[in-house]
Amino acid sequence: MSHNYAAILEQIAEHVATADFGTARKADYIPALSDVPDDHFAMVICGTDGEEHAIGMADLPFSIQSMSKVFALALAQRAYGDELWQFVRREPSGSAFNSLIQLEQENGIPRNPFINAGAIRVADLITSRYANPDRSAAEFLAQLCGNPNIRVDNDVYLSEHLHGDRNRAIAYLMKSFGKLDNPVEDVVRAYFKQCSIAMTAREMARACRFLACKGIGLDGKQVIPADETSRINALMLTCGMYDGVGDFAFTVGIPAKSGVGGGIIGVIPGEFSVCVWSPRLDQRGNSAAGIRALEMLIRAIGRSVF
Ligand code: DON
4 MSHNYAAILE
14 QIAEHVATAD
24 FGTARKADYI
34 PALSDVPDDH
44 FAMVICGTDG
54 EEHAIGMADL
64 PFSIQSMSKV
74 FALALAQRAY
84 GDELWQFVRR
94 EPSGSAFNSL
104 IQLEQENGIP
114 RNPFINAGAI
124 RVADLITSRY
134 ANPDRSAAEF
144 LAQLCGNPNI
154 RVDNDVYLSE
164 HLHGDRNRAI
174 AYLMKSFGKL
184 DNPVEDVVRA
194 YFKQCSIAMT
204 AREMARACRF
214 LACKGIGLDG
224 KQVIPADETS
234 RINALMLTCG
244 MYDGVGDFAF
254 TVGIPAKSGV
264 GGGIIGVIPG
274 EFSVCVWSPR
284 LDQRGNSAAG
294 IRALEMLIRA
304 IGRSVF
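Here this note's numbering is used: the first residue of the sequence shown is 4, the next is one more, and so on.
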């Protein structure tokens, strides 16, 4: 890689350690997320050439939450190909990630696979086609990052299950429109399990590197075809940061996907994948320090994808 990434990461970590992120707060709907110390930070860059740079708590597992939606989508693309787009659309929602209003107005067809409704529909499709839908995301991520021990964090899963009524409401609403094929509890279980996977920033950066490599994984094998990879990147750019996606494209300008655990994955196709983690979230549910860190990284190397 052509830049001094080690120095850039150091500057970013120094800035983030002292910056004021105003009202940013951790997700508090489950203890497993609110118990993480505010100052935890990690950032890992995986070059398409195999170089890797890391700073901070790069080897401490955290809850991947909605970043899992990218990988679930890839699993659904594998199983359904183009047929997938009959079930879920490809438009930004402009609404909160767990909103029900648009879903009602649009007859139970989710706007995109990265809002909760879309991800729950994707979990439904995976449930129809995969033998172990509760484990398929974890197994896929284990393969992608090269660590066979990637697991669902059971405490997080139990909390998701106990606090999951809004997601159940989304699933029942889709069911009422005839847009969910499997029983609601089976589908939300698969969805909660994929959100509850624990991984480190290093593992996450490695796992999404195929998105920067035309679909080729760490082991040199094609994960999904190159054109399907471009589609995931396009969806990340237009839908990956919820209703903060416009601001994020404006200030950072790379395909990215966030999770309420405070992680964000991003890619510059042909160059690198990146994962940043800091638990405090802005009002849209995206990591405040994570966005700042990505903005600094992109400025330092002087390019976005535009
Ligand atoms: O569905 C939920 O509420 C969580 N399990 C995942 C949400 C999430 O990460 C949305 N992200 N920003």
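All C-beta atoms in this analysis are idealised placements derived from N, C-alpha and C, irrespective of residue type, glycine included.
Classification of residue i by the beta-carbon crowding that lies within 10 angstroms, buried from 16 upward
i	result
residue 280	buried
residue 206	buried
residue 29	buried
residue 286	exposed
residue 2	Any question about residue 2 goes unanswered here, given that the chain covers just 4 to 309.
residue 182	buried
residue 295	buried
residue 141	buried
residue 113	buried
residue 44	buried
residue 162	buried
residue 110	exposed
residue 72	buried
Residue i CB to nearest heavy atom of the ligand DON below 7 Å
i	result
residue 115	no
residue 263	yes
residue 110	no
residue 101	yes
residue 53	no
residue 269	no
residue 68	yes
residue 163	yes
residue 152	no
residue 157	no
residue 119	yes
residue 198	yes
residue 220	no
Unbroken alpha helix (DSSP H) run spanning residue i, endpoints
i	result
residue 143	139 to 148
residue 253	248 to 254
residue 311	The first residue shown for the chain is 4 and the last is 309, placing residue 311 beyond what the model contains.
residue 179	168 to 179
residue 37	34 to 37
residue 187	187 to 198
residue 210	204 to 210
residue 74	71 to 83
residue 308	Note, residue 308: premise wrong, no alpha helix (DSSP H); not H, not E.
For residue i, the nearest candidate out of the options (CA to CA)
i	options	result
residue 165	297, 298, 34, 303	34
residue 276	180, 168, 77, 218	218
residue 5	274, 283, 284	274
residue 268	202, 230, 231	202
residue 31	138, 39, 300	39
residue 253	221, 298, 10	298
Near the ligand FAD: residue i beta-carbon under 7 Å from a heavy atom
i	result
residue 188	No copy of the ligand FAD occurs in the structure displayed; its ligands are the ligand DON alone.
Residue i: first and last residue of the uninterrupted beta strand (DSSP E) it sits in
i	result
residue 61	Segment: none, residue 61 is in no beta strand (DSSP E) and carries neither H nor E.
residue 162	Per DSSP, residue 162 belongs to no beta strand (DSSP E); it is in the alpha helix (DSSP H), 157 to 165.
residue 244	Residue 244 -> no beta strand (DSSP E), and no H or E assigned at all.
residue 46	45 to 50
residue 279	275 to 280
Problem - the region 66 to 80 in contact with the region 188 to 199 per 3-pair CB rule at 8 Å - result: yes
Handout entry: Stretch pair the region 158 to 177 + the region 99 to 119: three plus CB contacts closer than 8 Å
Key = yes
Handout entry: Meets three-Cβ-pair contact criterion under 8 Å: the region 259 to 277 and the region 290 to 301
Key = yes
Practice task
May I ask you to verify whether the region 147 to 158 touches the region 207 to 216, counting CB pairs closer than 8 Å and requiring at least 3?
Solution key: yes
Practice task
Say whether the region 121 to 130 touches the region 79 to 89, bearing in mind that this needs 3 or more beta-carbon pairs closer than 8 Å, one atom from each stretch.
Solution key: yes
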